[in-house]
Structure formats: structure tokens, C-alpha cells
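Enquirer:
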Amino acid sequence: MIALSIVGLRFDHLPPSKQALFAFEDGRLSEACVKIKKQTQSKSVLLLATCDRIELWCEQPRTGTVEPLLRSLSLSPLTWTSQTYSISSQESLLHCMSLACGLLSPLFGEDQIISQVQQAYTRSVGVGCASSLLSYLVREVITTAKQVQSKVDLQIVDESVAERVYSLVSAYEKQPVLVIGSSALARSVASCLARRDFIVYMTIRDTEKADLLVPPKVESVAYEKRLSYLSRCHVVISATKGMEYTLTKEQVEGTHLYIDLAPVRDIDPEIEGVVRIQDLDIDLPGRERETQKALGIIETACAKTEHYLHYRSAVPELQSLAVDAANDLVYRLQAPLKQALAENTDLAQVIHETARKAFSHYLYAQKKEQAKRMHLDLSMPLENGQAGYSGDPAVVIAPLHTLEREGWRLTKLQFGSHAATHMDSPAHLLPEGSSLDEIPVSRFFATACVLDCSEDCDITVEKVSCIDSDCDAVLLYTKGKSYLTKEAATYLVERGVRMFGFDTGNCDRDGDLDFPIHHTILGSNALILENLVNLEHILHRTVQLTALPLSYKHADGSPARVVATYEA
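Read in order, the letters of the sequence shown correspond to residues 0 to 567 in numbering that gives the first Met the number 0.
So, in C-alpha cells, the structure goes:
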């Protein structure tokens with residue numbers, strides 16, 4: 000998992016006058032990087048500006064990132080916070096690569112984002128806000144995006160769009176139609192209508208390219224003269240890739256059928272009766288096919304990157320072990336080498352035997368260290384008649400076969416999926432959430448910080464900000480006296496925490512059926528453990544956590560065996 004927090008703000012749905020607020024110069028973005036790094040105490044900061052969004056990538060921030068982003072760009076948090084979005088650390092790598100490939104852009108498949116990511120990284124380097132991890136991440140993101148752009152046709156135009164448009168305008172058969180734009184989609188629609196004997200005018204900005212871009216039977220019109228054709232054309236179709244309106248309310252008169260096929264609005268929404276491409280419910284088999292190809296490349300790249308990062312995190316320890324072993328070997332060789340040279344014995348055999356003893360000694364020492372490790376069961380055992388959350392089935396544990404009758408023991412077990420110590424999956428509350436059987440087994444192992452919150456009424460951001468950046472789980476000892484605030488939960492998931500443990504049966508306040516903490520955690524694809532026990536024995540420690548739920552299909556939750564491993 001990459002310790003990367005991503006927040007952003009999209010503005011492609013805003014009118015052009017509002018979009019102008021986000022036209023930041025390079026210098027302004029560089030200054031914002033410095034301010035954000037200082038305020039969030041992040042290891043690295045990258046600020047990406049594209050045609051439709053401003054997005055912040057922070058490596059291991061120690062505070063929330065939304066407000067620093069907005070304030071650094073002089074955007075009011077009161078006005079804009081509700082417009083922002085957050086990407087969890089678990090999804091950050093997939094998001095970065097999909098974004099760079101153009102899969103998340105309103106101009107689907109555009110390749111300009113590759114250079115925009117590179118420019119954003121160059122800005123970070125220029126003001127000292129980059130890191131080795133950010134450098135590696137940007138390199139892999141750009142490499143993957145270029146691979147997708149070279150192997151996948153994301154600009155493919157499905158004929159289904161032109162056919163759907165024809166069905167809308169068939170009542171105007173053989174009448175003049177104005178098509179604004181010369182994009183591939185505009186050309187496809189214009190060609191389709193011209194073949195069916197419509198009189199089609201198509202605007203073009205560079206008239207010298209008219210012979211290359213304008214389809215047969217279609218008459219080219221200079222873009223600047225489009226308004227003069229409104230009086231003769233009662234059907235107007237706009238399909239450009241620009242960010243400004245091709246028609247505004249003040250420019251049109253009379254009754255027209257307006258069809259806006261642009262990914263970012265071409266036609267002023269204040270004009271009544273505009274039909275947008277989103278309203279047409281069109282299947283796009285070509286785009287879907289190419290999108291799946293792109294996602295296959297991205298998923299392979301994500302797996303490779305995550306594998307490297309997992310290895311990379313172990314490199315310092317491996318290097319340290321190698322140095323210690325080498326030093327021990329050199330130390331042990333001093334006396335044998337002197338003796339071997341003096342007695343003229345087989346030097347290679349001596350070195351081999353000495354190395355064996357050295358590494359054996361080192362491995363034995365490692366084993367002794369491991370023997371000091373303690374294992375603490377944090378699980379509440381299932382017991383017959385045990386009741387869980389109100390309305391859940393009681394636990395039934397009853398002997399079915401016995402030694403006396405059958406010659407063996409077999410027990411009947413019956414319980415709800417959230418009995419005793421259990422794990423909640425995103426599918427527990429979210430319609431599209433992942434079930435436990437869909438989650439990689441690696442997610443059930445984590446490094447956890449155990450916090451004593453038994454004297455607090457509210458567990459705030461300040462209370463949880465002390466957790467180490469290496470921790471991807473947090474266990475809260477509350478004795479039922481304190482509750483995690485939504486702000487603290489949001490802060491933790493942005494920090495990269497992917498597992499939350501509680502010593503109560505409900506991480507929300509009893510009676511709060513909105514379940515804000517559940518939704519905040521599960522909505523970030525993190526996991527919840529409830530009804531943990533024995534936390535009082537490991538307070539203020541960092542432990543290795545193993546939490547294994549039962550494996551069954553479509554698991555919304557499951558009783559889990561939870562064990563903390565730590566040094567004595």
C-alpha cells in the first residue's frame with residue numbers, strides 16, 4: 000500500500016466564469032506546494048492541474064489535507080469543501096494511473112494529462128517538495144499512461160452515438176443541420192446524417208484543413224460564422240473538445256433542437272430543451288472494449304509497483320542484516336586467516352567453514368530474538384446463547400455427534416455474521432462495497448497502534464495524530480466511554496489506515512442509525528473490527544496484527560480470530 004493521500008476538486012461542471020478561478024499559474028502552484036507541505040508535514044507534495052480538476056497528492060501527511068489545499072489557492076473552505084473528493088490510500092495507485100491515462104477525464108482518453116503530471120512533478124522538485132517515493136511513483140504512472148496511449152484506442156468513436164442522434168432528428172429529414180465542431184465524434188454524426196440526405200453544415204476553425212476533416216456531402220463553415228446559420232438550421236449539434244460554450248443563451252433566438260454531445264458542456268445549460276449525450280442512454284461497446292484493455296495494463300502495472308514498494312520497504316533492514324553479517328564474518332576470519340597462511344592449509348575450506356559458523360551464529364541470534372515475541376489473543380470467544388447487536392441471532396453451540404454415540408465429536412454452530420469479535424466489510428452497509436471474500440488476504444495483516452482513549456469523551460484528530468506513519472491499523476481502547484469523531488476517522492483513512500479496531504460492539508454511538516463512522520471507514524474500503532478484548536495489556540504499543548475472518552461467499556462480515564504480536 001502506498002502511503003499517499005489524494006484530495007481534489009473537479010470544476011468541469013461549472014460555468015466558464017467559475018472555471019476561470021482555477022486557471023493557476025505555475026508560480027502560484029509552486030508556492031501552494033510549499034505551504035501545503037509545511038502545514039501538513041508531508042514527506043512530499045504534488046499539485047496537479049488539468050482541464051477539469053485540481054488535485055493534491057501528499058505522502059504521509061500528518062494532518063487533514065482538504066483545508067490546506069483550498070487555503071493555499073485562496074479558495075474559501077466554507078464554499079468549496081463540499082465540492083472536494085478524497086481517494087483512499089488503498090485506491091491511490093489505481094486512481095493515479097487511471098487519471099494519467101485519461102480514463103477519468105471528461106475528454107475521455109486525452110493524452111495531455113501525461114505532460115501535466117510531469118509538469119506537476121517538476122514543480123515539486125523545483126521547490127523541494129518531492130521525494131524518492133514520489134519520483135518512483137510519477138515515473139511508473141507516466142510509463143503506464145504512455146503504454147496505454149500507444150496500445151489502446153481510447154479515442155474510438157462508436158457509431159451507436161450517430162445512430163442515436165439520427166433517431167432524434169429523423170423528423171427533420173432532408174432539412175439543414177448545423178454541426179459545431181470537427182472532432183471525430185462530430186465528423187461521425189455529420190457523415191451519418193449526410194448519408195441520409197440531410198443538408199449538413201459543419202464548423203471548422205482551421206479552414207485550410209477542411210478537405211481533410213469535412214466528410215463527403217457536408218459543407219464546411221468557418222467556426223466564427225456559426226451564429227449566422229442558426230436562422231436556417233432548426234437542428235444544432237455541438238461536439239467540440241473546448242472548455243468554453245459554443246452557444247450562449249444571449250446568442251440564440253427562436254425554436255431549435257439542441258443536442259450537446261461534448262463531454263464538457265458545449266451549449267449553455269440556461270438554453271431550454273438542450274439534449275445532452277448523458278440523456279441519450281447510449282451503449283458504447285467500442286469504448287468499453289478499449290477501456291477494459293487499458294484497465295488490464297493498469298492493473299498489471301499496479302501489481303508490479305506494489306510488489307516493488309513492498310520490497311523497497313524491506314531494503315533498509317536487509318542492508319542492515321547484510322552489513323552485520325559481513326562484519327561478523329570479517330571479524331571471525333582474522334584468526335583463521337593468520338593460521339591458514341602460516342600452516343599453508345586449504346584456505347578456501349577454512350573460509351567456507353568460518354562463513355558457515357558466522358551465519359549460523361547470526362541466524363541463531365535471530366531465532367532467539369523471535370523467541371521473545373509475545374502473542375496476545377484479542378478475540379472474544381463464541382459462547383452458546385451469546386447475544387450480539389439488537390436483532391441479531393443468538394449464538395447456538397450444541398454437540399451433534401459425541402464420542403459415546405458416533406465415536407467422534409462434531410459440534411453444531413449457528414451464529415450471525417457479526418457475532419462476538421468480528422470484522423465488518425464495506426458490503427455490510429454499502430450497496431457496491433466489497434465483501435470479505437473479495438478482499439485480498441494480505442489486507443488481514445497490519446501494523447497497528449494501540450491507543451488508550453478510555454478517559455476521552457470524543458476521540459479527536461489531535462488524539463489520533465500521534466500514530467506512527469508506518470501504522471496501517473489503529474486499535475482504540477475506550478471501555479465504552481469514548482467515540483471516534485467523523486473528523487478523526489476521515490483523518491486516519493487519509494493517513495492510510497486500512498483497519499480500525501474497537502473494544503465495543505458498535506463503532507458508532509448507540510441509536511445513531513446514520514452510522515457516520517461506519518460509512519466513513521467502509522466508504523474508504525477500510526475494515527472494521529468490533530468487540531476486541533485484552534487491549535488494556537498492550538496500550539501505547541505498536542503491534543503486528545493478524546485478523547482472520549471466516550471465508551464464505553458474499554461475506555458482509557464474519558467472526559474473526561484477532562491476534563497481536565509484539566516484543567516482550
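Think of the CB as a built atom: it goes at the ideal place given N, C-alpha and C, for glycine as much as any other residue.
Which class does HIS417 belong to by DSSP, given the choice of helix, strand or coil?
Expert: Locating residue 417 in the sequence shown gives position 418, where the first residue counts as 1. Reduced to three states, the DSSP call for HIS417 is coil.
Enquirer: Alpha carbon to alpha carbon, what distance is there between GLY253 and VAL273?
Expert: Here residue 273 is taken as the residue at index 274 of the sequence shown, counted from 1. Here residue 253 is taken as the residue at index 254 of the sequence shown, counted from 1. Rounded to whole angstroms, VAL273 to GLY253 spans 13 Å at the Cα level.
Enquirer: Within 10 angstroms of the Cβ of LEU512, are there 16 or more other Cβ atoms? Answer buried if so, exposed if not.
Expert: Within the sequence shown, the letter at position 513 stands for residue 512. Classification of LEU512: exposed, given that the 10 Å Cβ count is below 16.
Enquirer: When the Cα atoms are used, what is the spatial distance from ASP423 to TRP79?
Expert: Here residue 423 is taken as the residue at index 424 of the sequence shown, counted from 1. Here residue 79 is taken as the residue at index 80 of the sequence shown, counted from 1. Taking the straight line joining both Cα atoms gives about 32 Å.
Enquirer: For PRO425, which residues from the same chain have a beta carbon less than 7 Å from its beta carbon, with the 5 sequence-adjacent residues on both sides left out?
Expert: As a working note, residue 425 is residue 426 in the sequence shown. Result list for PRO425: GLY432, SER433, LEU521, ASN524, in chain order.
Enquirer: Any idea what DSSP makes of PHE21, helix, strand or coil?
Expert: Counting from 1 along the sequence shown, the entry for residue 21 is found at position 22. Correct three-state label for PHE21: helix.
Enquirer: What are the residues that DSSP puts in a beta bridge with SER4?
Expert: Within the sequence shown, residue 4 is the residue found at index 5, counting from 1. SER4 is bridged to CYS57.
Enquirer: Tell me the DSSP bridge mates of ALA559?
Expert: Within the sequence shown, the letter at position 560 stands for residue 559. BP columns for ALA559 point to PRO548.
Enquirer: Can you tell me which residues form a DSSP beta bridge with ASP423?
Expert: As a working mapping, residue 423 is identified with position 424 in the sequence shown. ILE527, GLY556.
Enquirer: Are the beta-carbon atoms belonging to GLY95 and LEU177 less than 8 Å from one another?
Expert: Sequence index remark: in the sequence shown, residue 95 carries index 96 (1-based). Sequence index remark: in the sequence shown, residue 177 carries index 178 (1-based). A small correction: the amino acid at residue 95 is Cys; Gly does not occupy that position in the sequence shown. No, they are not a contact pair.
Enquirer: Roughly how many angstroms lie between the CA atoms of LEU47 and MET379, to the nearest whole one?
Expert: By one-based count along the sequence shown, residue 47 stands at place 48. By one-based count along the sequence shown, residue 379 stands at place 380. About 47 Å.
Enquirer: Bridge partners of CYS448, per DSSP?
Expert: As a position in the sequence shown, residue 448 is number 449, starting the count at 1. Per DSSP, VAL473, THR541.
Enquirer: Can you tell which of LEU450, HIS309, TYR565 has its C-alpha closest to the C-alpha of ASP502?
Expert: Your numbering for residue 502 matches position 503 in the sequence shown. Residue LEU450 is the option with its Cα nearest to ASP502.
Enquirer: Note down the Cα distance separating LEU391 from ASP507, rounded to an integer number of angstroms.
Expert: On the sequence shown, residue 391 is found 392 positions in, with the first residue counted as 1. On the sequence shown, residue 507 is found 508 positions in, with the first residue counted as 1. The identity of residue 391 in the sequence shown is Asp, whereas the question assumes Leu. If you take the alpha carbons of ASP391 and ASP507, they lie about 17 Å apart.
Enquirer: Here's the rule I'm using: 16 or more other beta-carbon atoms within 10 Å means buried, otherwise exposed. How should ARG404 be labelled?
Expert: Within the sequence shown, the letter at position 405 stands for residue 404. Result: exposed.
Enquirer: In chain order, what residues of the same chain have a beta carbon less than 7 Å from the beta carbon of ASP469, not counting five sequence neighbours either side?
Expert: On the sequence shown, residue 469 is found 470 positions in, with the first residue counted as 1. Cβ neighbours of ASP469 beyond the five flanking positions: THR446.
Enquirer: Note the first and the last residue of the continuous beta strand (DSSP E) segment covering VAL178.
Expert: The count along the sequence shown starts at 1 and reaches residue 178 at position 179. 175-179 is the span of the beta strand (DSSP E), which, as asked, contains VAL178.
Enquirer: From the DSSP secondary-structure annotation, give me the bridge partner or partners of GLY253.
Expert: As a first step, residue 253 is located in the sequence shown; it is residue number 254 there, counting from the start. Looking at the DSSP assignment, GLY253 forms no beta bridge with any residue, so it has no partner.
Enquirer: I'd like the span of the beta strand (DSSP E) that includes HIS570, first residue to last.
Expert: Nothing can be reported for residue 570: it is not among the residues displayed for the chain, which extend from 0 to 567.
Enquirer: What span of residues does the alpha helix (DSSP H) with ALA193 cover, start to end?
Expert: Translated into the one-based positions of the sequence shown, residue 193 becomes position 194. Run containing ALA193: 183-194, per the alpha helix (DSSP H) assignment.
Enquirer: Taking the straight line between their C-alpha atoms, what separation do you get for VAL617 and LEU74?
Expert: Not covered by the structure: residue 617. The range shown for the chain is 0 to 567.
Enquirer: Let me know if MET498 comes out buried or exposed under the rule of 16 or more other beta-carbons within 10 Å of its beta-carbon.
Expert: On the sequence shown, residue 498 is found 499 positions in, with the first residue counted as 1. Counting Cβ neighbours within 10 Å, MET498 comes out buried, since at least 16 surround it.
Enquirer: Out of ALA189, VAL140, GLN148, GLN174, which one is the CA nearest neighbour of ASP162?
Expert: Taking the first residue of the sequence shown as 1, we reach residue 162 at position 163. Contrary to the premise, residue 162 reads as Glu rather than Asp in this sequence. Here the closest residue by C-alpha is ALA189.
Enquirer: Taking all protein chains shown into account, do 16 or more other C-beta atoms lie within 10 angstroms of the C-beta of VAL463, making it buried, or fewer, making it exposed?
Expert: Position 464 of the sequence shown, counted from the start, is the residue given in the question as residue 463. Under this definition VAL463 is a buried residue.
Enquirer: Let me make sure I understand the geometry here. Which of ILE5, TRP56, ASP152, ALA559 has the alpha-carbon closest to that of ARG122?
Expert: What you label residue 122 is simply residue 123 of the sequence shown in a count that begins at 1. Minimum Cα distance to ARG122 is reached at TRP56.
Enquirer: Under the DSSP definition of a beta bridge, which residues are partnered with TYR482?
Expert: In the sequence shown, residue 482 corresponds to position 483, counting from 1. ASP457, per the DSSP bridge assignment.
Enquirer: Report back the beta-carbon spacing between VAL542 and THR564 to the nearest angstrom; my notes put them in contact at under 8 Å.
Expert: Position 543 of the sequence shown, counting from 1, holds the residue named residue 542. Position 565 of the sequence shown, counting from 1, holds the residue named residue 564. The Cβ separation is near 6 Å, so the contact holds.
Enquirer: To which residues does DSSP link GLY500 through a beta bridge?
Expert: Against the sequence shown, residue 500 aligns to sequence position 501. In DSSP, GLY500 forms a bridge with LEU474, LEU528.
Enquirer: Under three-state DSSP, which class holds SER123?
Expert: The residue given as residue 123 occupies position 124 in the sequence shown. Residue state, collapsed to three classes: helix.
Enquirer: In chain order, what residues of the same chain have a beta carbon less than 7 Å from the beta carbon of SER552, not counting five sequence neighbours either side?
Expert: Within the sequence shown, residue 552 is the residue found at index 553, counting from 1. First, the amino acid is wrong: residue 552 is Lys here, not Ser. Correct list, in chain order: ASP436.
Enquirer: Could you check if ARG264 is buried or exposed, using at least 16 other CB atoms within 10 Å of its CB as the buried criterion?
Expert: Your numbering for residue 264 matches position 265 in the sequence shown. Counting Cβ neighbours within 10 Å, ARG264 comes out buried, since at least 16 surround it.
Enquirer: Whose C-beta lies closer than 8 Å to the C-beta of THR489 among residues of the same chain, with five residues either side of it excluded?
Expert: For the purposes of this step, residue 489 is taken as residue 490 along the sequence shown, with counting starting at 1. Only GLY63, SER85, THR519 meet the Cβ criterion.
Enquirer: Which residues in the same chain have their Cβ closer than 8 Å to the Cβ of SER166, if we skip the five residues on either side of it in sequence?
Expert: Here residue 166 refers to the residue found at position 167 of the sequence shown. Same-chain partners within the cutoff: there are none.
Enquirer: Applying the 10 Å Cβ sphere with the 16-neighbour rule, what's the burial state of ARG288?
Expert: Residue 288 sits at position 289 when you count from the first residue of the sequence shown. Under this definition ARG288 is an exposed residue.
Enquirer: My output table needs one value for LEU102: the three-state DSSP class, helix, strand or coil.
Expert: On the sequence shown, position 103 is the one that residue 102 refers to. LEU102: coil per DSSP, three-state reduction.
Enquirer: Return the CA-CA distance between GLN154 and LYS478, expressed in angstroms with no decimal places.
Expert: Within the sequence shown, the letter at position 155 stands for residue 154. Within the sequence shown, the letter at position 479 stands for residue 478. Distance between the alpha carbons of GLN154 and LYS478 is about 57 Å.
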